[in-house]
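Undergrad: So that we are looking at the same thing, I have put the structure below in structure tokens.
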Amino acid sequence: FGRGGAHACEGCAKRYYQPESGNTTCISCPSGFTNEDQGSTLCVQVPPGSYVNVSDNATVKCEPGYMCEGTDNGRTACPSGSYSSVVGSVSCTLCVPGSYQDTPGQKSCKLCAVGRYAKDTNVTACLRVDQGHESINKFNSTGNPAQTACPAGKFGQGGAHPCEGCSKRYYQPESGNTTCISCPSGF
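Going by the numbering used here, the sequence shown opens with residue 13, and the numbers climb by one from there.
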């Protein structure tokens with residue numbers, strides 16, 4: 013664009029363009045469009061996986077922990093229960109069973125602690141293993157996707173405790189119990 017007289021023509025600034033010669037002004041790129049070069053004759057759509065950083069008007073790749081749909085949507089922190097571990101992500105990934113995420117904008121999910129489980133995807137907290145049950149992953153491991161009832165002949169306190177067999181002179185004919193029953197006299 014030019015101002016005439018002794019002034020030389022100047023290129024339009026970033027995020028502005030002028031498609032025709034002989035003009036005295038530049039046009040702002042519409043919402044969802046940008047350009048990175050001074051003196052541009054057009055604007056391009058902000059691509060998926062990117063957003064326009066308002067502090068320097070530069071198009072940047074979406075950071076881990078965020079998703080960027082492109083155009084004028086900016087960047088959005090991955091909600092609790094999900095994450096994004098890559099640069100330029102257009103969507104967030106749901107936490108898998110056995111894991112959770114309680115904070116938005118994260119790069120990964122956390123494993124459920126010993127004695128806790130998460131059977132669904134997209135959870136923000138793990139549940140405590142119920143009494144009469146134990147973690148489906150034995151040996152006090154983390155990342156449990158489910159709990160299972162203590163079988164007949166055993167009982168359980170829940171949490172991080174595995175099911176235990178009934179002591180001598182005690183029995184439990186049903187699954188999912190928290191105690192054993194004393195054998196009748198003579199047995």
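Ideal placement from N, C-alpha and C gives every residue a C-beta, glycine not left out.
This one's a predicted model, so the numbers in the text were calculated from it and none came from an experiment.
If you count every other CB in all the chains shown that lies within 10 Å of the CB of F199, and 16 or more means buried, which is it?
TA: With fewer than 16 other Cβ atoms within 10 Å, it is exposed.
Undergrad: For C55 and N47, which I take to be in contact (beta-carbon distance under 8 Å), what is that distance rounded to the nearest angstrom?
TA: 5 Å
Undergrad: Below 7 Å CB to CB, which residues in the same chain sit around P31 once its five sequence neighbours on both sides are set aside?
TA: T53, L54
Undergrad: Which one of G144, E186, P60 has the shortest CA to CA distance from G171?
TA: Checking every option, the nearest Cα to that of G171 belongs to G144.
Undergrad: Examine the Cβ distances between the region 124-143 and the region 85-103 and report whether three or more of them are shorter than 8 Å.
TA: yes
Undergrad: Counting only the same chain and skipping the five closest in sequence on each side, list residues whose C-beta sits under 7 Å from that of P185.
TA: Leaving aside the five residues that flank P185 on each side, the residues in its chain whose CB is nearer than 7 Å to its CB run, in chain order, A164.
Undergrad: Excluding the five sequence neighbours on either side, which residues of its own chain have a C-beta within less than 7 Å of the C-beta of V98, listed in chain order?
TA: P76
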